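In my numbering, the protein residues as written are 109 to 298.
Yeah, the Cβ is synthetic: ideal placement off N, Cα and C, and Gly gets one too.
Note that the structure is a prediction, hence the values are computed from the model and not measured.
Report on the structure given below.
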Amino acid sequence: MSSLNADFKELLERIRHGRELSHASFEPIYYLIFHPSKILEVKRQMPAWTAKLENSGWAVHSFSIAENIVDILGKAPLRRIWLTEDAKAPTNWEKTNQSLANALSNGSLQSRLNQKLSDLESQDNAILLVTDLEALHPYMRIGAIERKLQGEFNSPTVFFYPGERTGKTRLKFLGFYPDDGNYRSVHVGG
């Protein structure tokens with residue numbers, strides 16, 4: 109297994125060279141894939157990696173999946189109902205998770221990421237780092253959002269993906285979800 113820093117260095121090279129036109133996509137979408145046990149190490153490395161990108165001339169922007177989920181759920185119109193129902197049946201995780209998943213799958217998270225991508229469109233040398241993908245569990249996977257945003261990625265976008273690579277385009281989110289081959293991105297690591 110290669111080290112995270114070696115994988116990040118390879119990722120920088122691939123971003124520098126850009127995407128080739130292929131049958132999958134030519135959008136500048138990249139995944140840095142790492143074993144789920146390395147989630148904390150990736151978070152520790154993020155300031156150094158951000159500085160490395162900035163020193164290379166990139167205008168670095170980030171989009172935290174976790175922060176956006178907390179904000180969406182905190183402002184949800186059904187929040188009071190959820191809290192009331194949760195107090196009645198605090199161990200009914202399946203029902204709770206389904207309600208929260210419904211609130212996220214309505215496109216709110218996707219629209220926030222789309223807005224961030226739109227904001228970066230006119231900026232020179234902008235790069236977007238999408239972090240905290242593990243916060244999508246058990247609600248959804250990032251591939252569903254990526255598919256719906258096809259055509260919107262104009263700036264290089266790096267997804268920090270905790271999981272395993274099971275083929276050239278197949279990824280296994282968090283190492284236990286069924287593998288998914290519907291990604292149209294460059295994969296490094298894993």
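Leaving aside the five residues that flank N222 on each side, the residues in its chain whose CB is nearer than 7 Å to its CB run, in chain order, L257 and E260. Taking the C-beta atoms as reference points, I253 is found no nearer than 9 Å to H169. Counting along the chain, no beta strand (DSSP E) covers G251; the unbroken alpha helix (DSSP H) around it starts and ends at I250 to K256.
For the options R273, G251 and T274, the alpha carbon positioned closest to that of I137 is the one of G251. Distance from G297 to D115 at the Cβ level is roughly 4 Å; contact confirmed, criterion being Cβ atoms closer than 8 Å. If you look at G275, you'll find it isn't in any beta strand (DSSP E); DSSP assigns it neither H nor E.
Nearest neighbour of I147 by Cα position, chosen from E193, G271 and F171, turns out to be G271.
Note that the C-beta distance between P155 and E242 is not below 9 Å.
By the neighbour-count definition (other C-beta atoms within 10 Å, threshold 16), K280 is a buried residue.
By the neighbour-count definition (other C-beta atoms within 10 Å, threshold 16), E162 is an exposed residue. Comparing alpha carbon positions, the residue from W190, R249 and S293 closest to D287 is R249.
Within the stretch 145-171, complete alpha helix (DSSP H) segments of at least 4 residues are found at 147-163, given in chain order. Straight-line spacing of the CA atoms in K183 and E229 works out to 28 Å.
Sequence-distant partners of R273 (beyond 5 residues in either direction) whose C-beta falls short of 7 Å from its own C-beta, in its chain, are I141, L279, H295 and G298. Straight-line measurement puts the Cα of Q206 at about 33 Å from the Cα of P264. F116 carries a helical assignment under DSSP once its states are collapsed to helix, strand and coil. For A209, no beta strand (DSSP E) segment is defined; the enclosing uninterrupted segment is the alpha helix (DSSP H) at W201 to L212.
Counting the other CB atoms within 10 Å of its CB gives W201 a total below 16, which places it among the exposed residues. A Cβ-Cβ separation of about 31 Å leaves N214 out of contact with A167 under the 8 Å criterion.
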